[in-house]
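Structure, as structure tokens:
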Amino acid sequence: MNKSHPNPPRWAHWLLTKLHPSDTLEEVAGDLDELYTYWYHRAGPSQALLRYLFNVASVLSPFVRRRRRQQTYHQSPSILHPVMLRNYLFIAWRNSTRNKLYFLINHAGLAIGMTACIFMVEYANFELSYDTFNQQAGDLYRVVNDRYQDGKRVQHSPMTYSAVGQAMRHEFPEVINHTRVAPLASRILIADDQKMGKQNGMAVDPSFFGMFSYQLIAGNRDLVLREPDEIILSESCARKLFPDVGSNVASLIGRLVNLERSAVPYKLTGICYDVPDNSHLQFDFLVAYSSLYRGGNRYWKSADSSFTESYFYHYIQLKPGSDPKRLEAQLPGFSQRYFRGNKVTGSTEKFSLQPLLKAHLYSDFGAEIGKTGNATIVWGALLSALLILSIAWINYINLATARAVERAKEVGIRKSSGATRTQLVFQFFSESLLSNFLSMLLAAGLIYFVQARFNELVQRNLSIHYVFGEGLQSNSVTFGLLLIILSGICIAGFYPALVLSSFKPVDVLKGKFSTSSRGVILRKALVSGQFAVTIALVAGSIIIYQQMRYAAQKPLGLTLSQVLVISPPQLLENDSSFITRSRSFKEELKNLVHVKAATNSGRIPGEDLHRMFDVHRPDKLSSPRFAVNNMSIGEDFLDLYDIKLLAGRNFRSTDYNEDLSKVRTTLLNESAAKLFGFPTASEAVGKSIILYERPYEIVGVTHDFHQKSIHHPVEPVVMMPNYSLYNPISVKVEPNELTTTLAAIRQVYDRFFPGNVFAYRFLDDQFNEQYNADRVVGKVFALFAGLAVLIAALGLLGLSWLATRQRTREIGVRKVLGASVQNIVLLLSGDFLGLILIAFLVAVPVAWFVMQRWLTGFAYRISINAWVFVAAGGLALLIALITIGYQTLKAANANPVKSLRSE
Amino acid sequence: MRRTYLGELEEIVLLMVAILDGDGYGVTISQAIEEHTGRIVVFGSIHNTLIRLEEKGFVRSELGGATAERGGRRKRLFRITGLGSRALQEIQQLRQELWQLVPPVSLRLSGL
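Residue numbers (our numbering), protein chains in the order written: chain A, 63 to 965; chain B, 655 to 766.
Structure, rendered in structure tokens:
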């Protein structure tokens, strides 16, 4: 070692090179070496080493101060400096006004996409908000009762036996509350002289108000409905029933209300606010549940605690924090204890719990009492809206990057006059932010003007409140939307900003600029994605349309047109002469000029039928038990509805009897005959079946007919010869002079049933209401498909416009060298057509899968035809050709001299 | 004009730069401080202070004067700027003015 130039340890020096900023490393390392030598000579090697190490440590990374880059010559202003901001705004404005087409495509697309998205979030939020206004919603469950016979599920419904809730509460400590609900549909309320028909109510236990959060305007929610013959009206119902009440509805408390033929009037003890739209239970009035079996109006003994009659709904409340799965696991044992297999009811009862919050969107039940929606549709619609928005963003990204060529010069000049990359990124990003903001404003305007139309379309009373409203419990969707919109804006803004700001000024200004192949591939992938979405949506809406047309055209086995349904005289007292009275009323109607036929029936087409369990054949030993639907019909029913007999005869008037126990005959439909095991229809005729523990003779077998929409399979139906004054009356009329006919019918009605409320509906309208939800879906999807086509076409238009503009010279050279117009058109459009092919291949399986799932909601459905996809793909292709066609033809036909002259 | 604040070490380092008159760099400055004040200041503090002084515009620097002793590395030589000397003079003047205000008695008494 050289004594005059001692060296400090290598590793310390190495540490220094690693952890000291590189721009001051040279001078610092030199200084430290020099100091080391100095100390070495003054204080010896160990002192020198110690000090050296100490000093090295003092200039390592966290302690040392970094030298800032010297900016003596040019200091670029901050990107937030007002001068720069003004410049960015000015450039953004100039760019957008220079390229009006570009501007329009971007903003129209984005605004439409955002509008669609916000509408769909409104819709989804509304659907998801069902029953969330109940403060204890998380602990409320609905009891679901499935029935099995011979291992086959014969019923899937929340309808169950009246004793079940009480028994559950008794058995399971976690069930802290329960209420029974018995629907009282389409009743007449009478107060003083005022009569109101078609009011829907429910009989509920007093615990109802302890579990649900429906608010009372007047009355004590802890005390109401405790006594029988108490009634609560909704505010609007009360105002209609007592028109002269004025502002203070609370003053009505204590008034008397009759419910149809109630023996004792109900006492009004409460008035509730109208039920919110987003409640799956909808009611105009509530009566004390106990009125069903005690008090002055008792008519239904088994409503209290029966394990055999099943017309009741149960809601239970669990102790907060208890596990519903654990409770459900104990339900098979519960069923065994109370129903002893199929000994009690003739079928095996299986119970499960449905959370209240799922009651609206996840109902595939029969005999449903709540308003139902469809979760698949909600999420599907939301997804489609997002896809549309992403199509618009893709347009933005594509056009911005494709336009990079034009803006490259701007970038080059900015860079060479000192702009840093951060500044450029900020500039382009703020431009896209501005665009998005502008589109948002446009969207806000659009929402304001189109909201009403959209509400009409989806048949909901929606508003922007459902997106940003306070107290909305399903805010996660809104949050998700904001997140997606924000990230979309960021991606759509940052990607082009990064691309644009990456150009090397020297290359650009030399003119050696070309777009990177990676960028082009991405752009192509995005265009494919757009068209895939478009094709899928178009195919989807065609399939929905086809299924709807199928539903409208499918022979139902009965004729619904020109049938009026008159509500029965619900206010009339029943007596033993009801058959004669009904018959003579019918005869009187038939005598009217334009009335072709009239009949009564327990149910009309479109309504749920009663179910009977424990039906069997007498002639087979230990015959299996069957579950069937049952319907009582008048002797004109089959003729009026055009239901054909397969074998045997129709009911005769002698089959009817005031005393139901003397009725001995029945009609089956084909499915029922098959279910009972008769090989042919004619073999069933003359045989008996056991209903209500009595034999009935089968007098005839009818063709199958659709009692409900084609969502539901045709079920076995047993028809009984039965009259009731309270059955609806179907009247077949001729289409001409309908008003006179109606007036005449009304006159007869009023003569026969004075004091009753005459109301009618056309049966086909009523029946087709079952397709309302499907029609909304169809319209929404068609709308979305249209929007997707529009936005994608706009994007393509912009892209092809840019492409032809950028290739003007190439086209010129090609033409000079002898290319024909066709060659050039092919050259320019070939790219895009290939992309659409790829999009087609992506879209078909996805659309097929999703639509297949939608179709499983129908018991009778079309099979998806290949041509649907061909048509959707063809449409996309056609639209693409039209949008590109004009641009390419113009470019191909242009005079090459013009395009080449400028060089 | 608001007087730029100078910390105690900053003032001493700045003075040393002025004293060394163009020959001041990390080594000479730390040696001078040790020599004139008896304080041993860790090198990192001097380095940081010099950078801070340069940022404030009190000194300017250039690279040069490589020697074999330093393994051929250049030094960063510091020179005081007009602003720096103004700052030093202002501090000096301020001190002087303050000295004038001290009543002689108080110093004498405390000195006793």
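Heads up, the beta-carbon is just placed ideally off N, CA and C, and yes, glycines get one too.
Using 8 angstroms for Cβ pairs, my map puts Ile898(A) next to Ala938(A). What's the rounded Cβ distance? That belief holds up - the Cβ atoms of Ile898(A) and Ala938(A) are roughly 6 angstroms apart, short of 8 angstroms.
Is there at least one Cβ from chain B nearer than 8 angstroms to Phe125(A)'s Cβ? Yes, Phe125(A) counts as interfacial toward chain B.
Assigned exposure category for Phe271(A) - 16 Cβ within 10 Å defines buried: Answer is buried; the Cβ neighbour count reaches 16.
Please report how far the alpha carbon of Asp670(A) lies from the alpha carbon of Ile772(A), in whole angstroms. The alpha-carbon separation between Asp670(A) and Ile772(A) amounts to approximately 13 angstroms.
Residues from the segment 94–105 of chain A in contact with chain B, defined by Cβ distance under 9 angstroms: Those residues of the segment 94–105 of chain A that come within reach of chain B (Cβ to Cβ, closer than 9 angstroms) are Leu94, Asp95, Glu96, Leu97, Thr99, Tyr100.
If you follow the beta strand (DSSP E) that Phe732(B) is in, where does it begin and where does it stop? In the DSSP assignment, Phe732(B) falls within the unbroken beta strand (DSSP E) covering 729–734.
Three-state secondary structure (DSSP) of Lys471(A): Here Lys471(A) sits in helix by DSSP.
Just checking: is the beta-carbon of Ser29(A) within a distance shorter than 8 angstroms of some beta-carbon in chain B? In the structure as shown, chain A starts at 63 and stops at 965, and residue 29(A) therefore has no counterpart that could be examined.
Looking at the C-beta of Glu723(B), does it have a partner C-beta in chain A at a distance below 8 angstroms? So yes, Glu723(B) belongs to the interface.
Does any CB atom of chain B fall closer than 8 angstroms to the CB of Met63(A)? Any answer about Met63(A) is weak, because its pLDDT of 43 lies below 50 and its placement is not dependable; what the coordinates show is given next. When Cβ-Cβ separations below 8 angstroms define contact, Met63(A) makes no contact with chain B.
Expressed to the nearest angstrom, what Euclidean distance is found between the alpha-carbon atoms of Arg156(A) and Ala470(A)? Near 16 angstroms, if we compare the C-alpha coordinates of Ala470(A) and Arg156(A).
Any beta carbon from chain A within less than 8 angstroms of His701(B)'s own beta carbon? It does; some Cβ of chain A falls within 8 angstroms.
Residues near Arg52(A) by beta carbon distance below 6 angstroms, same chain, minus five either side: With chain A running from 63 to 965 in the structure shown, residue 52(A) is simply not present.
Please report the distance separating the alpha-carbon of Met63(A) from that of Thr99(A). Confidence is the limiting factor: at Met63(A) the pLDDT is only 43, short of 50, which leaves the residue's position unreliable and the question unanswerable from this model.
Along the chain, which unbroken stretches of the alpha helix (DSSP H) at least 4 residues long are found entirely within the segment 690–752 of chain A? Uninterrupted alpha helix (DSSP H) stretches at least 4 residues long and entirely within the segment 690–752 of chain A occur at 699–702, 732–737, 743–746, given in chain order.
Chain-ordered residues of the segment 671–687 of chain B with a beta carbon less than 8 angstroms from chain A: If the cut-off is 8 angstroms between Cβ atoms, the segment 671–687 of chain B has Tyr679, Gly680, Val681, Ser684, Gln685 near chain A.
With DSSP as the reference, identify every bridge partner of Cys334(A), one or two as the case may be. Looking at the DSSP output, Cys334(A) bridges to Leu278(A), Ser296(A).
In angstroms, rounded to a whole number, what distance separates the CA positions of Asn187(A) and Val539(A)? Cα to Cα, Asn187(A) sits roughly 7 angstroms from Val539(A).
Ser862(A) - partner residues in DSSP beta bridges: Answer by DSSP bridge pairing: none, since Ser862(A) is not bridged.
Closest by CA to Ile781(B), which one among Thr703(B), Trp753(B), Arg728(B), Asp675(B)? Residue 781(B) lies beyond the residue range present for chain B, which begins at 655 and ends at 766; the question has no answer from this structure.
Would you mind telling me which residues of chain A sit closer than 7 angstroms to Val696(B), beta carbon to beta carbon, in chain order? Simply Phe116, Asn117, Ser120.
Could you list which residues in chain A have their beta carbon closer than 9 angstroms to that of Ile705(B), in chain order? Within chain A, Thr86, Val126, Arg127, Arg128, Arg129, Arg130 have C-beta atoms less than 9 angstroms from the C-beta of Ile705(B), given in sequence order.
Here's the rule: buried if 16 or more other CB atoms are within 10 angstroms of the residue's CB, otherwise exposed. What is Pro558(A)? By the neighbour-count rule (16 or more Cβ atoms within 10 Å), Pro558(A) is buried.
Which chain A residues sit within Cβ distance under 8 angstroms of Arg727(B)? Within chain A, the residues near Arg727(B) are Glu88, Glu89, Ala91, Gly92, Asp95.
Determine the chain A residues that contact Arg730(B) at a beta-carbon separation under 7 angstroms, and present them in chain order. Correct list: Glu89.
Cα-Cα separation between Phe640(A) and Val795(A), rounded to whole angstroms: If I take the Cα positions, the gap works out to 24 angstroms.
Closer than 8 angstroms, CB to CB, is Leu717(B) near chain A or not? Proximity of Leu717(B) to chain A, defined by a Cβ-Cβ separation below 8 angstroms, is satisfied.
Please name the residue in Ile760(A), Arg323(A), Pro71(A) whose C-alpha comes closest to that of Pro630(A). Closest in C-alpha terms to Pro630(A), from the list Ile760(A), Arg323(A), Pro71(A), comes Arg323(A).
Can you give me the C-alpha to C-alpha distance between Arg679(A) and Pro686(A), rounded to a whole angstrom? C-alpha separation (whole angstroms): 8 angstroms.
Distance, Gly200(A) Cα to Ile252(A) Cα: Between the alpha carbons of Ile252(A) and Gly200(A) lies a gap of roughly 37 angstroms.
To the nearest angstrom, report how far apart Thr86(A) and Asp93(A) are at their CA atoms. Cα to Cα, the separation comes out at about 11 angstroms.
Quick one: which chain A residues come within Cβ less than 7 angstroms of Glu709(B)? Residues of chain A passing the Cβ test: Arg130.
Neighbour flag for Gln632(A) against chain D, beta carbons, 8 angstroms: The chain inventory of the structure shown lacks chain D, comprising the protein chains A and B.
Buried or exposed by the 16-neighbour rule on C-beta atoms within 10 Å, applied to Val713(B): Val713(B) counts as buried, since no fewer than 16 other beta carbons sit within 10 angstroms of its beta carbon.
Return helix, strand or coil for Tyr788(A), following the three-state DSSP convention. Three-state result, Tyr788(A): coil.
With DSSP collapsed to three states, give me the class of His773(A). Coil at His773(A), not helix or strand.
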